[in-house]
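Chains as they are written, first to last, in the working numbering: chain A, 831 to 1418; chain B, 831 to 1418.
Structure below.
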């Protein structure tokens, strides 16, 4: 990247360096930053289009405000790459060897310029109200600036935050980065209002933000650095809440992303090298299976609705699928609470509703699962995707859904181990009217090769897959295959013919089967792909507490891990097949 | 109530009967209903002022709309008593013997006129969007009407619901019952905007609801039945989303409540018979202790903030206290997500923040506890009140907070057993900077009589209260006293000198102490005042899974109970002291 050309970036290590630059240099810097982002993200994967859209605005913000004295909070931090480059971390983008040195999110452990570790949406305004309140109590004078996207603005926490920020009576600056997109299309009245605001240069008749009490400013071109600096300079040190609504272009500077935003929100490594190619279709996975099932239900005349909160890509609910679904598809925006409550309402009215949600985001709607759904026994179906131990960022861990969901009364939480079971469970759930049902959809497809004719209305009946003795292995969902392998090792290495059980139900115990194990087993082993604390295995331990049965629970520990390779986590949690076998041997 | 006077109510059993009445009779009916509510609620306790405020509006709604074909959703259902009286359940108010026959909330098991069991706020709009979507899919034609109070409107779920309702493109009617009060005063930009709307007869310049896309109607006097009927008749069968903003008076028709709304939001039995009397002050409880502590911290110059989400009454944070706290007090409105995130922000900025929340409502903010608070290790203090098994309504159970909170990494959840411990924990928490801390405040005060000088920064150290043998009893928080009694019975009846442990920490195990028990104990008993599934005891069971130690976990089952007397629940859960002893005997 260096060579003979002189980069403006070479003169910039920290925000203060920006203030020595001319406007022309700031534009040049923005272009350099944009190129770095394109190259780096294409190499490592990551949030692409959101970051391209906010380069100039970030440059202008750091030019005007004085970070880290002034405090920035980046909502969801999908758009913090320029901020990272300008706050001492540019090597993470200039030097391929440092590409993985910094996280893709704001991270206080990296620098004082980051206040919070953030990866879930809609939190920035609320966090900023706290920073502002703390400042006022302690007699500080700094600016508190919350950035938030138009998509994130539809989340309940953001709206609660707006309601409170508006009456703070002191400095708080909210920057709405409006690129007219959520991850997919935007949804709802607020989004339509933002369109009106853009179309009227901020002069619409009923202004949502003014109604709430904000001093509202509109920036029609969020890539015009002079305008940005002008507006930011005016509101700097404001003594009251200000809301800046700036229009930016998601994917700015990379044509294919500007023209087709959704697939470029987040990209896999090397995506840009294969733009002409058709993505590999035709490979069956749980996404394709689910989509086929839903489309078939429409043909059957079933009043089915597929619902989700702004993350259709997680389940492969692409444009083609959404178009086919038509009025049978609902995206509520970034609003998981709304999604669950709406699902409950649809089910109450006789609709057949299937909601998709990523494990990490189901956390955003606990009370609705409990009160709107479970307490009312609404027969909706929720599919939890990506549940399990992974090398993900600390903000996107998917190990907590079992403790979260399975301890709520009335919910039937199911863990299929193969395609046949999944389809059988899904179809049972859609056709029944008695229970809220959640299904933990595995990441990787597998097949049992035989039809599953189980009547799932008989709750909490575990499946005895192979009856053995001494050791009983209960392999839940995605860890059933691991149970099988452990059984094989016990057989081949120690001649133990272990029992293998597929529990299928996460939310209840098959007491008959568990009791029957007492006669010829001394150890029960549980395997679950998620947090042990509050999870499935502990319930088995409790069950056997008054007996002499030994119980070993395997799963992940209660901790936030941050991009730790999965193999390392398996070692840490004693989850390799060999380690499990060794632990079993110790208690035999 | 009957006697010689002829009541209009005698002619009314179901909504259809209203349509035979004259306007004059509707007013007379409203007065009769109001009198019944005053008498009944004074006898049983319950939500008082909210119900008095919506009598005429409910009469008018049932006059115009055709329930149960048309579908009403009452937010939080604190205001459904008139609805109950008009939908076949008037005996619950006319006949003292039936006073407890019906719940204080909407309840589908009682009638088809109730769609959902509701007791948490801010859910009605979202649930209604589901009913409307289901109707549209199934080809129905009915009206879907969501009622919501101005206070409830500040909750994230309600705002997510508004955003989605606005773009439904079909019939949905939202009635904002604006009585200018939440439980305490209203908070935030929306509330100030509603005031503007009332002051301008709905003609303010920037209309929040119109900005979202609603067809907005204003009713200045929500007790004027003619006006109500006129507006409701016009919008009936609307083919698009309509929002009716009606101004009502909380406590209407009962002067003391009209003049001093907060203490009459919910009343204890016989409150109205003792209006002149000063409430019993001077009795120490955890509310007074907490308030004293917080006020003293202000005097110390600590930058302390007490924060809560619209329920200051739960912790006795009355007007006097709030005034004394001044800028050290924040009520974020009904917005628990905002409260937790704001607390995290305050703590990050160096403020010392103590948030109060009722156990049942902490459910409304799981993701913020996890992402905004725990992941960021923000040293805020959260006090969970009312946690424990109770005879409460199904919507207000307080048994789920331990599974909910204790399985989130990084949080230190503490369970004091007496005043001394509570104050010591609270003070430690406020002074430290390393952990998010939650304290489960007991309902009933007790004293150990000795100062607690524990250093709580040494995490997960259980307290060995009495070293014995054979049986070890671990009594958590409010159930420590129960553990003591069980120990006494074991001694007196069976001569067993049991060990007694006060764990104090809910979120981690004292492995050294638990291991040391193995040498001379064969049974460990855990007692917790909350749900067993995902709770504290199961972690002890897991710990001993590879040993020969027997473990018995006592607590409540995973279920929604509905106004079951606590003694009955204790029997059901084997939680009487005698039953616990018997269960222990069985495994000895």
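Even for Gly, the Cβ is constructed at its ideal location relative to N, Cα and C.
| Check | Outcome |
| --- | --- |
| Looking at the C-beta of residue 1375 of chain B, does it have a partner C-beta in chain A at a distance below 8 Å? | yes |
| For residue 961 of chain B, decide whether its Cβ has a neighbour in chain A, counting only Cβ atoms nearer than 8 Å. | yes |
| Helix, strand or coil for residue 1194 of chain B? Go by DSSP, reduced to three states. | helix |
| Just checking: is the beta-carbon of residue 953 of chain A within a distance shorter than 8 Å of some beta-carbon in chain B? | yes |
| To test your reading of the DSSP string, which unbroken alpha helix (DSSP H) runs of 4 or more residues are found completely within the segment 1026-1083 of chain B? | 1038-1042, 1055-1065 |
| Near residue 1088 of chain B, what residues of its chain come up, given a Cβ to Cβ distance below 7 Å and the 5 sequence neighbours on each side ignored? | 1079, 1081, 1082 |
| Cα-Cα, which of B/1045, B/1137, B/980, B/1057 is closest to residue 1023 of chain B? | B/980 |
| Under a three-way DSSP split, which group does residue 1407 of chain B fall into? | helix |
| I'd like the list of long-range same chain contacts for residue 1132 of chain B, defined as Cβ closer than 8 Å, with 5 residues on each side in sequence excluded. | 1182, 1260 |
| Hey, residue 1004 of chain A and residue 1073 of chain A: beta-carbon distance below 8 Å or not? | yes |
| Can you give the beta carbon distance from residue 946 of chain A to residue 930 of chain A, rounded, assuming they're within the 8 Å contact cut? | Not really, about 21 Å apart at Cβ, beyond 8 Å. |
| Do you know how far the Cα of residue 1278 of chain B is from the Cα of residue 1398 of chain B? | 29 Å |
| Between the segment 1199-1212 of chain B and chain A, which residues of the former have a C-beta closer than 8 Å to a C-beta of the latter? | 1200, 1201, 1202, 1204, 1205, 1206 |
| Chain B beta carbons: is any one of them nearer than 8 Å to that of residue 1016 of chain A? | no |
| Tell me, to the nearest whole angstrom, how far the beta carbon of residue 897 of chain A is from that of residue 845 of chain A; I am working on the premise that it is less than 8 Å. | 5 Å |
| Where in the segment 1181-1233 of chain A do unbroken runs of the beta strand (DSSP E), each at least 3 residues long, occur, reported from the N-terminal end onward? | 1182-1188, 1211-1215 |
| Reducing DSSP to helix, strand and coil, say where residue 1353 of chain A ends up. | strand |
| Give every residue of the same chain whose Cβ lies closer than 7 Å to the Cβ of residue 965 of chain A, excluding the five residues on either side of it in the sequence, and list them in chain order. | 972, 974 |
| Do residue 1265 of chain B and residue 1333 of chain B have their beta-carbon atoms positioned less than 8 Å apart in this structure? | no |
| Measuring only between beta-carbons, confirm whether residue 1171 of chain B sits less than 8 Å from chain A. | yes |
| Whose CA, out of A/1185, A/871, A/1040, lies closest to the CA of residue 1215 of chain A? | A/1185 |
| Less than 8 Å separating the beta-carbons of residue 909 of chain B and residue 884 of chain B? | yes |
| Alpha carbon to alpha carbon, how far is residue 880 of chain A from residue 888 of chain A? Give it in angstroms, no decimals. | 12 Å |
| For the beta strand (DSSP E) holding residue 1270 of chain B, just list the boundary residues, first then last. | 1267-1270 |
| Measure from the alpha carbon of residue 1410 of chain A to the alpha carbon of each residue in A/836, A/1351, A/1303, A/1341, then state which is nearest. | A/1303 |
| Take the Cβ of residue 899 of chain A as the centre, count every other Cβ of all protein chains shown within 10 Å, and call the residue buried at 16 or more, exposed below. | exposed |
| List the whole-angstrom C-beta distance separating residue 963 of chain B from residue 1155 of chain A, where the pair is believed to meet the contact cut-off of C-beta under 8 Å. | Not quite, the Cβ-Cβ distance comes to about 13 Å (not below 8 Å), so this is no contact. |
| Within this structure, are the beta carbons of residue 1097 of chain B and residue 1221 of chain B separated by less than 8 Å? | no |
| Compare the beta carbon distance of residue 1177 of chain A and residue 1139 of chain A with 8 Å and say whether it is the shorter of the two. | no |
| One question on the structure: do residue 1353 of chain B and residue 1418 of chain B come within less than 8 Å of each other, judged by their Cβ atoms? | yes |
| With a cut-off of 8 Å, does the C-beta of residue 1019 of chain A fall near any C-beta of chain B? | yes |
| Quick check: residue 1217 of chain A and residue 1179 of chain A, are their CB atoms within less than 8 Å of each other? | no |
| Would residue 1133 of chain A pass as an interface residue toward chain B - the criterion being a Cβ-Cβ separation below 8 Å? | yes |
| Of the residues B/850, B/1292, B/1389, B/1363, which one's Cα is nearest the Cα of residue 1345 of chain B? | B/1292 |
| For the beta strand (DSSP E) containing residue 1427 of chain B, name the first residue and the last one. | Because chain B here runs from 831 to 1418, residue 1427 of chain B falls outside it and cannot be looked at. |
| Does residue 1408 of chain B get closer than 8 Å to chain A when you measure Cβ to Cβ? | no |
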